[in-house]
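K.L.:
Note that the protein sequences, when read in sequence, are chains Y and W. Residues in the first sequence are numbered from 8 upward in steps of one, following my numbering. Residues in the second sequence are numbered from 2 upward in steps of one, following my numbering. Can you read through this structure? Questions will come right after.
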Amino acid sequence: EPEVTQTPSHQVTQMGQEVILRCVPISNHLYFYWYRQILGQKVEFLVSFYNNEISEKSEIFDDQFSVERPDGSNFTLKIRSTKLEDSAMYFCASSGSGVGEQFFGPGTRLTVL
Amino acid sequence: AQSVAQPEDQVNVAEGNPLTVKCTYSVSGNPYLFWYVQYPNRGLQFLLKYITGDNLVKGSYGFEAEFNKSQTSFHLKKPSALVSDSALYFCAVRDGGATNKLIFGTGTLLAVQP
């Protein structure tokens, strides 16, 4: 069964450093998303991406964040200058349509020291 | 604004008994409703969805959910719980037609005792 994959599973970084989180969505999906879950809190939407551009973003997704689909398979989330409060589990998701269910990857745990 | 409420932080049930995990929602348009399950150190796994049609939807692993428009609820149910059902369950809503983003509830921890 096809699945969304994410790398790395755990990333530790120093405050102020740039990180890139990588995702490989399900191959025939067209819609891509990033969510995050701070420890003990609910899953929060960050950004959605369709047709090579951002279709929607949340207030969390400020100028420090960017997304890219550099080739036909990868979907990345970059945080330019990490803050302590960026520590969270980051989930990538994809869907075949805007209406259908979103399939989530296993997540990348980001720890900012 | 869209919102989802899961009023119970934890639900305890004995194996073999029926289980219900509650969810209520608020959206301005037509709701698209989803249930996901999260096992420890794993991602969110899709269980079932309601978009339109029958109010009772069936999903993976014997779970089902009933959409109730008048009560704005979408409770998750299973007739006979298994110990392996123990996990964190999230209800999510999408405001149909307005956005693709999912708004999640705070999650309910289901503990099934043998």
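Positions of the beta carbon are idealized from the N, C-alpha and C atoms, including for glycine.
8 Å is my cut-off, CB to CB: does Y/Val106 come that close to chain W?
P.N.:
By 1-based counting over the first sequence, the position of residue 106 of chain Y is 99. At least one chain W Cβ lies under 8 Å of Y/Val106.
K.L.:
How is W/Gly17 classed by DSSP in three states: helix, strand or coil?
P.N.:
Here residue 17 of chain W is taken as the residue at index 16 of the second sequence, counted from 1. It is coil, neither helix nor strand.
K.L.:
CA-CA distance, Y/Gln109 and W/Pro115?
P.N.:
In the first sequence, the residue the question calls residue 109 of chain Y occupies position 102. In the second sequence, the residue the question calls residue 115 of chain W occupies position 114. Spanning the two alpha carbons is a distance of roughly 32 Å.
K.L.:
With H, G and I counted as helix, E and B as strand and the rest as coil, what does DSSP make of W/Gly97?
P.N.:
Along the second sequence, read from residue 1 onward, the residue named residue 97 of chain W stands at position 96. DSSP places W/Gly97 in strand when its eight states are reduced to three.
K.L.:
At 7 Å on the CB atoms, spell out the chain Y contacts of W/Gly30, in chain order.
P.N.:
On the second sequence, position 29 is the one that residue 30 of chain W refers to. What W/Gly30 touches in chain Y: nothing, since even the nearest Cβ is about 13 Å away.
K.L.:
Looking only at its chain, what residues have a beta carbon closer than 7 Å to the beta carbon of W/Asp10, apart from the 5 residues adjacent to it on each side?
P.N.:
Position 9 of the second sequence, counted from the first residue, corresponds to residue 10 of chain W. Counting only Cβ-Cβ distances below 7 Å, and skipping sequence neighbours, we find Thr109 and Leu110.
K.L.:
Sort out for me which residues DSSP pairs Y/Phe52 with in a bridge.
P.N.:
By 1-based counting over the first sequence, the position of residue 52 of chain Y is 45. DSSP, once it has assigned bridges, lists Y/Tyr42 as partnering Y/Phe52.
K.L.:
Are the C-beta atoms of W/Lys50 and some chain Y residue less than 8 Å apart?
P.N.:
Sequence index remark: in the second sequence, residue 50 of chain W carries index 49 (1-based). So, interface residue.
K.L.:
Would you mind reading off the limits of the beta strand (DSSP E) that contains W/Gln114?
P.N.:
Looking up residue 114 of chain W in the second sequence gives position 113. Counting along the chain, the beta strand (DSSP E) containing W/Gln114 begins and ends at Thr109 to Gln114.
K.L.:
Just mark Y/Ser102 as buried or exposed, buried being the case when its beta carbon has 16 or more other beta carbons within 10 Å.
P.N.:
Position 95 of the first sequence, counted from the start, is the residue given in the question as residue 102 of chain Y. By the neighbour-count rule (16 or more Cβ atoms within 10 Å), Y/Ser102 is buried.
K.L.:
According to DSSP, is Y/Leu37 part of a helix, a strand, or is it coil?
P.N.:
For the purposes of this step, residue 37 of chain Y is taken as residue 30 along the first sequence, with counting starting at 1. Shown here, Y/Leu37 sits in coil according to DSSP, grouped into three states, outside any helix or strand.
K.L.:
Drop a sphere of 10 angstroms on the beta-carbon of W/Asp96, count the other beta-carbons inside from all chains shown, and report buried for 16 or more, exposed for fewer.
P.N.:
As a position in the second sequence, residue 96 of chain W is number 95, starting the count at 1. When all chains shown are included, W/Asp96 counts as buried.
K.L.:
Give the secondary structure of W/Ala84 by DSSP, where H, G and I count as helix, E and B as strand, and everything else as coil.
P.N.:
Counting from one through the second sequence, the residue named residue 84 of chain W turns up at place 83. The sequence given here places Val at residue 84 of chain W; Ala does not occur at that position. W/Val84 falls in the helix class under three-state DSSP.
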